[in-house]
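Taking it in order: structure first as structure tokens, then the write-up.
Protein chains: 2
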Amino acid sequence: MNIIITGAAGFLGQRLAAALLQNNVLPFERLILADINTPRPPLEDARVRCVALDLSQPQAAETLIDADCGVLFHLAAIVSSHAESDFDLGMQVNFDATRQLLEVARHKAPAMKFIFTSSLAVFGGELPALIDDGCAVTPQSSYGTQKAMCELLINDYARKGFVDGRVLRLPTISVRPGKPNKAASSFASGIIREPLHGEAAVCPVSPELTLWLSSPGRVVQNFIHAATLPASAFGVSRTVNLPGISVSVRQMLAALREVAGEQVSSLVRFEPDEAINRIVASWPGNFDVRRALAMGFGADEDFQQAIRAFLRDEQAQGEG
Amino acid sequence: MNIIITGAAGFLGQRLAAALLQNNVLPFERLILADINTPRPPLEDARVRCVALDLSQPQAAETLIDADCGVLFHLAAIVSSHAESDFDLGMQVNFDATRQLLEVARHKAPAMKFIFTSSLAVFGGELPALIDDGCAVTPQSSYGTQKAMCELLINDYARKGFVDGRVLRLPTISVRPGKPNKAASSFASGIIREPLHGEAAVCPVSPELTLWLSSPGRVVQNFIHAATLPASAFGVSRTVNLPGISVSVRQMLAALREVAGEQVSSLVRFEPDEAINRIVASWPGNFDVRRALAMGFGADEDFQQAIRAFLRDEQAQGEG
Ligand SMILES: NC(=O)c1ccc[n+]([C@@H]2O[C@H](COP(=O)([O-])OP(=O)(O)OC[C@H]3O[C@@H](n4cnc5c(N)ncnc54)[C@H](O)[C@@H]3O)[C@@H](O)[C@H]2O)c1
Ligand SMILES: NC(=O)c1ccc[n+]([C@@H]2O[C@H](COP(=O)([O-])OP(=O)(O)OC[C@H]3O[C@@H](n4cnc5c(N)ncnc54)[C@H](O)[C@@H]3O)[C@@H](O)[C@H]2O)c1
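In the order they appear, the protein sequences are chains F and S.
According to full-length UniProt numbering, the first sequence is numbered sequentially starting from 1.
According to full-length UniProt numbering, the second sequence is numbered sequentially starting from 1.
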């Protein structure tokens with residue numbers, strides 16, 4: 001059995017690859033890492049193959065997938081602000097490339113577990129305080145629209161037995177290492193990461209804004225869990241709102257102060273950015289995830305834990 | 001200003017064309033009727049152009065739309081049972097052709113009112129007794145999936161100002177004249193129409209099944225109304241659940257008895273068909289349509305009225 005990760009040069013793709021190689025929850029022969037930017041293997045391991053591939057090209061899925069593929073983690077995407085400014089690129093990568101992968105899987109490897117990373121950006125507009133599985137999807141961004149269209153298509157492919165699709169709606173990931181990116185939610189990591197590095201950070205949204213967060217380590221555990229579940233665990237819908245924690249920006253900064261001190265947390269200043277705010281404020285801040293918890297998906301305990309996990313990861317990197 | 005109707009050789013397309021030519025609610029210079037089967041003009045009128053066009057062909061939308069198009073009623077579709085048995089054809093016509101029309105409209109006529117006919121088949125699975133605008137879309141058919149994907153795309157095109165999109169979720173249409181078709185809901189007209197013609201009819205679903213219905217005359221009025229509303233009337237979402245009436249199959253047959261007598265209504269016998277039942281039973285039977293009513297959309301008074309309208313239409317046809 002082979003595992004494929006698309007978007008494997010990306011943030012979560014690299015972490016997922018490392019986790020699959022390190023623990024043996026999901027045994028495999030080969031781990032194929034595909035990305036438009038040639039992915040690096042996160043560890044030296046003879047099972048890894050790295051493939052440079054633009055998934056928006058017509059033959060890409062055909063090249064990538066064969067009958068030995070047992071699990072495909074489809075993470076490649078154009079993130080939110082980028083998909084908003086370049087609508088056509090977003091459609092090509094976020095929607096068309098996903099459809100292409102589904103089509104090839106249907107004809108070459110219909111038993112494949114097709115794990116898709118969706119987002120809370122499928123929600124928007126006037127929302128109830130607590131989002132549950134019965135809540136209408138009303139995206140206020142092209143990114144959210146493209147993810148929502150993929151969710152529908154994957155559910156239909158699964159219903160028809162074309163492929164064993166599973167859709168995970170991710171919380172916003174924080175704390176994310178590295179540089180700011182073009183996701184509208186980039187600040188949700190920046191306001192923690194930059195101060196911890198002794199740098200000033202700008203918060204473009206109100207301190208009252210509530211976010212729905214998961215640490216990267218936790219979300220990667222949930223990815224792998226999704227690939228171990230039997231199809232029957234999903235019931236009537238293949239789409240799951242993953243667990244997260246509901247915290248306001250103010251609470252995030254209080255957690256930062258608690259973990260790293262007042263001097264660090266005071267490096268954040270507020271400068272409202274209407275474009276960012278419009279997108280992020282339309283995302284829900286709290287979910288009823290009883291179904292996901294019953295299926296065995298998990299959440300962080302609190303945001304302090306997510307900050308400490310980030311510091312531990314940075315230290316390990318420094319030593320590694 | 002020109003008006004285009006796609007699917008204009010179809011049942012609702014023909015009725016819509018006739019209504020646009022007969023009343024002057026929506027003034028226009030040219031009425032372009034397009035369909036894969038060459039449409040007939042419903043009346044002699046110098047303003048009508050008929051175009052034979054397969055919308056699933058790559059250049060079709062480009063051929064059809066020019067800058068003079070002010071309103072496009074996009075009705076062409078592969079109906080429910082047919083899209084379920086031929087998944088690829090359904091994707092091509094119901095989804096890809098719609099996307100192609102949106103793309104050409106975006107570049108050639110962004111002010112165009114793009115009226116899309118969706119369906120209550122976007123709903124399915126475990127549903128609340130009364131569907132409102134906040135209810136999640138969980139289609140249990142490929143037809144419903146394809147319609148739901150179009151809804152999302154049209155809302156995004158409208159949000160971005162690419163085109164002035166409007167999505168109408170139609171109730172099941174009854175009483176529909178003519179022959180049974182490949183829609184799973186075909187029986188909802190057959191059990192009335194065939195007995196009125198003195199023929200036996202088979203009902204494949206339980207008498208307790210509740211349907212959400214609209215007469216064809218009423219739904220065509222609602223199409224035209226949708227094209228006269230300002231964009232602002234739609235508020236946060238371009239998708240509207242059109243008004244209908246909630247009636248059980250038993251009540252439909254009681255209405256038939258009331259209008260046409262016991263001898264006619266006794267021509268219906270029940271023969272459960274699991275394939276049909278699975279699709280139709282997943283559709284909702286009742287909606288909260290306060291928003292649609294406030295926007296000026298209307299419903300039939302009761303099902304008796306819908307039967308009488310059918311009889312009047314047949315008589316007019318016979319005389320015409
Ligand atoms: N990080 C979050 O907060 C978050 C939240 C919700 C959902 N998600 C989803 O999780 C997935 C992974 O997110 P991430 O944070 O690792 O994003 P990322 O931007 O770090 O990684 C995405 C990867 O996709 C690759 N890619 C883009 N276009 C491609 C193409 N045409 N062909 C092949 N590869 C291409 C990029 O090169 C990049 O390496 C994405 O689908 C994202 O939408 C992330
Ligand atoms: N009648 C209903 O109960 C009902 C309910 C909900 C939604 N709708 C929707 O309303 C619309 C009209 O429905 P109808 O009952 O008139 O359907 P219909 O089947 O009578 O008409 C559809 C028309 O589309 C045409 N068509 C199919 N493929 C085409 C292609 N590739 N290129 C060009 N034309 C093509 C067909 O030739 C046909 O004339 C459809 O979009 C349907 O999904 C109908």
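From the three backbone atoms N, C-alpha and C, an ideal C-beta is built for every residue, glycine too.
**Asked** So the beta strand (DSSP E) LEU211/S belongs to, where does it begin and stop?
**Response** 210–214
Exercise for the section: Give a yes or no on whether 7 Å exceeds the smallest Cβ distance from ALA77/S to chain F. Expected result: no
Three-state secondary structure (DSSP) of ALA226/F
helix
Cβ-based burial, residue 325/F [other Cβ within 10 Å; buried from 16]: Here chain F comprises residues numbered 1 to 320, so residue 325/F is not present and cannot be evaluated.
- Residue range of the unbroken alpha helix (DSSP H) whose run includes ASN155/S: 142–159
Quiz item: Does the Cβ of ASN2/S have 16 or more other Cβ atoms within 10 Å, making it buried, or fewer, making it exposed?
Solution: buried
Counting only beta-carbon separations shorter than 7 Å, does SER119/S have a partner in chain F?
no
Next on the checklist: Please confirm whether CYS150/F has its beta-carbon closer than 7 Å to some beta-carbon of chain C.
Outcome noted: Included in the structure are the protein chains F and S, with no chain C among them.
So, SER282/F versus GLN140/F, is the Cβ gap smaller than 7 Å?
Annotated as proximal: SER282/F and GLN140/F, with beta-carbon spacing under 7 Å.
What does the alpha-carbon distance come out to for the pair GLU29/F and ALA8/F? 17 Å
- Check each residue of the stretch 226–240 of chain F: if its Cβ is closer than 7 Å to any Cβ of chain S, include it; give the result in chain order. VAL236, SER237
TODO: With DSSP collapsed to three states, give me the class of ALA38/F.
DONE: Going by the sequence as given, residue 38/F is Thr instead of Ala. In this structure, THR38/F counts as coil in the three-state DSSP scheme.
(message) Cutting at 8 Å between CB atoms, please list the residues of its own chain near PHE116/S, excluding the five before and the five after it.
(response) Within the same chain, PHE116/S has close Cβ partners HIS74, THR98, CYS150, GLU151, ILE154, GLY165, ARG166, VAL167, LEU168.
Chain-ordered chain F contacts of GLY134/S [CB-CB under 9 Å]
GLU126, LEU127, PRO128, GLY134, CYS135, ALA136, THR138
Margin query: Which residue marks the beginning of the alpha helix (DSSP H) containing LYS108/S, and which one marks its end?
Written below: 97–108
For the beta strand (DSSP E) that ASN2/F lies in, which residues bound it at each end?
2–6
With a 10 Å radius around its C-beta and 16 neighbouring C-beta atoms as the bar for buried, classify GLY285/F as buried or exposed.
By the 10 Å Cβ count, GLY285/F comes out buried.
Quiz item: Should SER282/S be flagged as near chain F, meaning a C-beta pair shorter than 7 Å?
Solution: no
**Asked** What residues from chain F crowd round LEU153/S, counting only those whose CB sits closer than 8 Å?
**Response** THR145, MET149
With distances taken from CA atoms, which of VAL175/F, ALA76/F, GLN146/F is nearest LEU33/F? ALA76/F
Do VAL175/S and ligand 2 come close, with the Cβ less than 6 Å from some heavy atom?
no
TODO: Take LEU196/F as the anchor and find which of THR38/F, ARG106/F, LEU267/F has the nearest alpha-carbon.
DONE: LEU267/F
State the Cα-Cα distance for the pair LEU211/F and LEU12/F, rounded to the nearest angstrom. 19 Å
- [ ] Have a look at ARG159/S and PHE234/S and give me their C-alpha separation to the nearest angstrom.
- [x] 11 Å
So ASP302/S and ILE245/S are supposed to be a Cβ contact under 8 Å. How far apart are they, rounded?
6 Å
Since I believe VAL137/S is in contact with PHE114/S (beta carbons under 8 Å), could you give me their beta-carbon distance rounded to a whole number of angstroms?
No, PHE114/S and VAL137/S are not in contact; Cβ-Cβ is about 20 Å, not under 8 Å.
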